[in-house]
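Colleague: The structure follows.
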Amino acid sequence: MSDADKKRLLREMIFFRRFEDRTFEAYMERKIGGFLHLYSGQEAVATGVLEQAVVGKGSENDYVITGYRDHIHAIKTGAPPREVMAELYGKETGSSKGRGGSMHIFDASQNFMGGYALVGQPFPLAAGLALGCKHKGTKQIAICFLGDGANNQGTFHETMNMAAIWDLPVLFVCENNGYAIGTHIDRSTAQPDQYKRVDQAYNMKSSQHDGMDIDNVMEAAKTAIDYVRNESKPYFIEFMTYRFRGHSMSDAKGYRTKEEEAEWEKRDPIKIYSKKLIEAGIVKQADIKAMEKEIDDEIENDIIKFAEESPEPKVEELTKYVLDDNPDPRWIGPLQK
Amino acid sequence: MAETAYWEAIRRAHDEEMARDPLVIAMGEDIGVAGGTYKATSGLYEKYGETRIVDCPISENSYTGIGIGASMTGMRPVIEIMSINFALLALDTIVNAAAKIRYMSGGQIACPIVMRTPGGTAHQLAAQHSARLARMFMSTSGLRVVTPRGPLDAYGMLKSAIRSNDPVIIIEHEQMYNLKEDIPDEEYFRPLEGAEVVREGSDITLIGYNYSVHLCLQAAERLAKDGISAEVVDLRSLKPIDRETIRKSVEKTHKVLVAEEDEAPVGVGSEIITGIMEDCFFALDSQPVRIHAADVPVPYNHKLEKAAIPNADDVYHGALKVMGKI
Numbered sequence: 003m004s005d006a007d008k009k010r011l012l013r014e015m016i017f018f019r020r021f022e023d024r025t026f027e028a029y030m031e032r033k034i035g036g037f038l039h040l041y042s043g044q045e046a047v048a049t050g051v052l053e054q055a056v057v058g059k060g061s062e063n064d065y066v067i068t069g070y071r072d073h074i075h076a077i078k079t080g081a082p083p084r085e086v087m088a089e090l091y092g093k094e095t096g097s098s099k100g101r102g103g104s105m106h107i108f109d110a111s112q113n114f115m116g117g118y119a120l121v122g123q124p125f126p127l128a129a130g131l132a133l134g135c136k137h138k139g140t141k142q143i144a145i146c147f148l149g150d151g152a153n154n155q156g157t158f159h160e161t162m163n164m165a166a167i168w169d170l171p172v173l174f175v176c177e178n179n180g181y182a183i184g185t186h187i188d189r190s191t192a193q194p195d196q197y198k199r200v201d202q203a204y205n206m207k208s209s210q211h212d213g214m215d216i217d218n219v220m221e222a223a224k225t226a227i228d229y230v231r232n233e234s235k236p237y238f239i240e241f242m243t244y245r246f247r248g249h250s251m252s253d254a255k256g257y258r259t260k261e262e263e264a265e266w267e268k269r270d271p272i273k274i275y276s277k278k279l280i281e282a283g284i285v286k287q288a289d290i291k292a293m294e295k296e297i298d299d300e301i302e303n304d305i306i307k308f309a310e311e312s313p314e315p316k317v318e319e320l321t322k323y324v325l326d327d328n329p330d331p332r333w334i335g336p337l338q339k
Numbered sequence: 044m045a046e047t048a049y050w051e052a053i054r055r056a057h058d059e060e061m062a063r064d065p066l067v068i069a070m071g072e073d074i075g076v077a078g079g080t081y082k083a084t085s086g087l088y089e090k091y092g093e094t095r096i097v098d099c100p101i102s103e104n105s106y107t108g109i110g111i112g113a114s115m116t117g118m119r120p121v122i123e124i125m126s127i128n129f130a131l132l133a134l135d136t137i138v139n140a141a142a143k144i145r146y147m148s149g150g151q152i153a154c155p156i157v158m159r160t161p162g163g164t165a166h167q168l169a170a171q172h173s174a175r176l177a178r179m180f181m182s183t184s185g186l187r188v189v190t191p192r193g194p195l196d197a198y199g200m201l202k203s204a205i206r207s208n209d210p211v212i213i214i215e216h217e218q219m220y221n222l223k224e225d226i227p228d229e230e231y232f233r234p235l236e237g238a239e240v241v242r243e244g245s246d247i248t249l250i251g252y253n254y255s256v257h258l259c260l261q262a263a264e265r266l267a268k269d270g271i272s273a274e275v276v277d278l279r280s281l282k283p284i285d286r287e288t289i290r291k292s293v294e295k296t297h298k299v300l301v302a303e304e305d306e307a308p309v310g311v312g313s314e315i316i317t318g319i320m321e322d323c324f325f326a327l328d329s330q331p332v333r334i335h336a337a338d339v340p341v342p343y344n345h346k347l348e349k350a351a352i353p354n355a356d357d358v359y360h361g362a363l364k365v366m367g368k369i
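Just so you know, the sequences run in chain order A and B.
The working numbering puts the first residue of the first sequence at 3, with every later residue one more than the last.
The working numbering puts the first residue of the second sequence at 44, with every later residue one more than the last.
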């Protein structure tokens, strides 16, 4: 990877952190409603995995799907950040035209197939996206990002089984942040090593890796993605990570200690990567400061401005998009009397 | 025209649509190698192979979800769920995903899946194989729910459902798979929307859907012998409901009965009669009547089962009540 690309990756991760921080502020100002789940701390996973996938190339992209902590996955796949922010503001210019909100970011033009509030739901949907790719004979794959908490849903087991028996080209990325909402994995899950839950049980390749060092993530993801694409078989990859903020905005984090948080913050993916790039002489501390300033300006003067100034959806269009708005009368009717 | 059984009509629709469009696939338990519980895909595994007639493990929620995911890439999966009771396991992917993805994505992504499932009592299948549940699906925004009453609609509506861009639930009935009817030899389509007057009359409107249309038709025969002219309306679609056809019929007959095989609370009858109150209350000359199942899990014992589920006799007597004859 070139120095320019390394610098770009660092900038992306800083951007993702600042983007989420800014949504936090907007939430406190009540510009954003509903639930808001932030990705801070886990940036190396989505950034590193998707760096190895086909993203940002429109309809040629691999399919990407995830749960409700979805802003960053959407952006890295190719959704314009200003549209993601506008969605959080509930605006007509938002990714989902203000109908979805934080938990339901979609960008079909980039094959970003959504954020879902039911944590087990993306498993089968992802397998279905993969089935579509396989059936049509494209070289695309489906990538499903979910947390460790989702693995206690029945759909996890049902889908691992079907993905394996049908050889579906799907990569399941488990972002193991140690907590199912506010319950520690040791108290919710009999086998805390998630990758062990699929290898013997569903005869599927799987592995576990550190998820805080983006170089590690990229290396492991490349192997897994190459396998899925070339062999047309599923793979389950687990990354050990940590979310720096609560589960959602209403979470006081009473279930974990300050000491634990401090330990993980030492392994902040942005700190780790910044240090590496500084040591390699690719960036200087001053470059990072300048980067942060430039990112903050972009977020404030372009992204937030766009979200603030965009119109809300029209109330007259409340019932648009429930069903096909231009149905073919031959199939839909009404019945000719 | 050829006499065709309900299951043969479904099979023919699958076959023609799969031959036309390689993106059409069928998924379900035992539909391939085993030939299908209702024979609705018999012979098609041999013709189209395992990637298009997909035998699924007993994992209703996830194979339905896989079908939905595939439909998001433009495929047209037809999913068979062996009993509507088992469709409860797939409620998450049907109600939370298929029905909502178009809306939550701001119209970007369609989920053109078809889910076929029999909903109705057969012969002593007891509580966990006899649910009807149409009322549950018809209350969900973002779905189409249709109830073909015979082979003509079973073929024509399945073809339309496969081609429509919406998620469609087709509720069939275990007691109708062998029902025969003449249907055209050439290809045709029957639209998913619109109720149909299947027997014209002037004294009372009997409204049914799915199997209960046949109960209404049998009752209408008996009523005719008593000199009562009953009009029978088949709803055909429970989501959306064609209120216009109902209103026109009620404004003609001024009396109405709704027959449903399901339990009454929050049911098809409640919905239809409320619509009549809103649309043409002053056209009514007498109180509407609902004919429906007893509010119990369906019992195994044959006598108890018969007592729980409405029959043509119940519809006939209900109609006499509306007419003020009893």
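No residue lacks a Cβ here, since even glycine has one placed at the ideal position from N, Cα and C.
Just reading off the beta strand (DSSP E) that Asp98(B) is part of, what are its end residues?
Modeller: Ile96 to Asp98
Colleague: Check the DSSP bridge columns for Cys176(A) and list the partner residues they point to.
Modeller: Leu148(A) and Glu240(A)
Colleague: Going straight from the alpha carbon of Gln196(A) to that of Ala129(A), what length do you get?
Modeller: Gln196(A) and Ala129(A): Cα-Cα distance of roughly 19 Å.
Colleague: Around the C-beta of Asn221(B), are 16 or more other C-beta atoms found within 10 angstroms, so that it is buried, or is it exposed?
Modeller: Looking at its Cβ environment, which holds fewer than 16 other Cβ atoms inside 10 Å, Asn221(B) is exposed.
Colleague: Assign Asn344(B) to buried or exposed, taking buried as 16 or more other Cβ atoms, counted over all protein chains shown, within 10 Å of its Cβ.
Modeller: Around the CB of Asn344(B), fewer than 16 other CB atoms lie within 10 Å, so the residue is classed as exposed.
Colleague: Count the other CB atoms within 10 Å of the CB of Pro124(A); is the residue buried (16 or more) or exposed (fewer)?
Modeller: buried
Colleague: Where does Val76(B) sit, in a helix, a strand or coil, going by DSSP?
Modeller: coil
Colleague: Does the beta carbon of Arg290(B) sit closer than 8 Å to a beta carbon anywhere in chain A?
Modeller: no
Colleague: Go to Gly318(B), then tell me how far its alpha helix (DSSP H) extends in each direction, as first and last residue.
Modeller: Val311 to Cys323
Colleague: My output table needs one value for Leu134(B): the three-state DSSP class, helix, strand or coil.
Modeller: helix
Colleague: If we define contact as Cβ-Cβ less than 8 Å, is Cys135(A) a contact residue for chain B?
Modeller: yes
Colleague: Strictly under 8 Å for the Cβ-Cβ distance: is Asp225(B) near chain A by that measure?
Modeller: no
Colleague: So is Phe325(B) buried or exposed if we call it buried at 16+ other beta carbons inside 10 Å?
Modeller: So Phe325(B) ends up on the exposed side.
Colleague: Are the C-beta atoms of Ala170(B) and some chain A residue less than 8 Å apart?
Modeller: no
Colleague: Would you kindly work out how many angstroms separate the C-alpha atoms of Met214(A) and Tyr146(B), rounded to a whole number?
Modeller: Each residue's alpha carbon lies about 36 Å from the other.
Colleague: Does the separation of the CB atoms of Arg175(B) and Asp305(B) fall below 8 Å?
Modeller: yes
Colleague: Looking only at C-alpha atoms, which of Asp217(A), Arg24(A) and Pro236(A) sits nearest to Asp201(A)?
Modeller: Pro236(A)
Colleague: Which residue wins for smallest C-alpha separation from Val301(B), given the options Thr248(B), Ser292(B) and Arg286(B)?
Modeller: Thr248(B) is the residue among Thr248(B), Ser292(B) and Arg286(B) whose C-alpha sits nearest the C-alpha of Val301(B).
Colleague: Val230(A) CB to nearest chain B CB: under 8 Å?
Modeller: Judged by the 8 Å Cβ criterion, Val230(A) is not in contact with chain B.
Colleague: Would you decide whether Gln330(B) is buried or exposed? Buried here means 16 or more other CB atoms lie within 10 Å of its CB.
Modeller: exposed
Colleague: Per DSSP, Ala182(A) is paired with what?
Modeller: Thr185(A)
Colleague: Note down, in chain order, all residues in the region 148 to 159 of chain B with a beta-carbon under 8 Å from any beta-carbon belonging to chain A.
Modeller: Per Cβ criterion, the list reads Ser148, Gly149, Gly150, Gln151, Ile152 and Ala153.
Colleague: For Gln171(B), does the count of other Cβ atoms within 10 angstroms reach 16, so buried, or fall short, so exposed?
Modeller: Around the beta carbon of Gln171(B), a 10 Å sphere encloses fewer than 16 other beta carbons of the protein chains shown; the residue is thus reported as exposed.
Colleague: Under 8 Å Cβ-Cβ, which residues of chain B neighbour Phe125(A)?
Modeller: Per Cβ cutoff of 8 Å: Ser105 and Gly108.
Colleague: Mind pulling the beta strand (DSSP E) runs of 3 or more residues that sit fully within the region 241 to 275 of chain B?
Modeller: 247 to 251
Colleague: Using a Cβ-Cβ cut-off of less than 7 Å, list which residues of the region 151 to 163 of chain A approach chain B; keep chain order.
Modeller: Gly156, Thr157, Glu160, Thr161 and Asn163
Colleague: Can you pull out the residues from the region 57 to 68 of chain B whose beta carbon lies closer than 9 Å to at least one beta carbon of chain A?
Modeller: Pro65, Leu66 and Ile68
Colleague: Taking 8 Å as the threshold (beta carbon to beta carbon), is Ser272(B) in contact with chain A?
Modeller: no
Colleague: So, for Ile305(A): in the same chain, excluding its five sequence neighbours on each side, which residues have a beta-carbon less than 7 Å away from its beta-carbon?
Modeller: Taken in chain order, the residues that qualify are Pro83, Arg84 and Met87.
Colleague: Below 9 Å on C-beta distance, what does Ile234(B) contact in chain A?
Modeller: Per the sequence presented here, residue 234(B) reads as Pro, with Ile not at that position. Simply Pro331, Arg332, Trp333, Ile334, Gly335, Pro336, Leu337 and Gln338.
Colleague: How long is the line joining the alpha carbons of Gly100(A) and Ile34(A), rounded to whole angstroms?
Modeller: 11 Å
Colleague: Do you know how far the Cα of Ile109(B) is from the Cα of Trp168(A)?
Modeller: 11 Å
Colleague: Using a Cβ-Cβ distance under 8 Å, would Asp72(A) count as near chain B?
Modeller: Contacts with chain B at 8 Å (Cβ-Cβ) do not include Asp72(A).
Colleague: Measure the CB-CB distance between Tyr244(A) and Gly151(A) and report whether it falls below 8 Å.
Modeller: no
Colleague: Are the C-beta of Pro100(B) and some C-beta of chain A separated by less than 8 Å?
Modeller: yes
Colleague: Taking any Cβ of chain B, which residues in the region 88 to 104 of chain A have a Cβ under 9 Å from it, in chain order?
Modeller: Glu89, Glu94, Gly96, Ser97, Ser98, Lys99, Gly100, Arg101, Gly102 and Gly103
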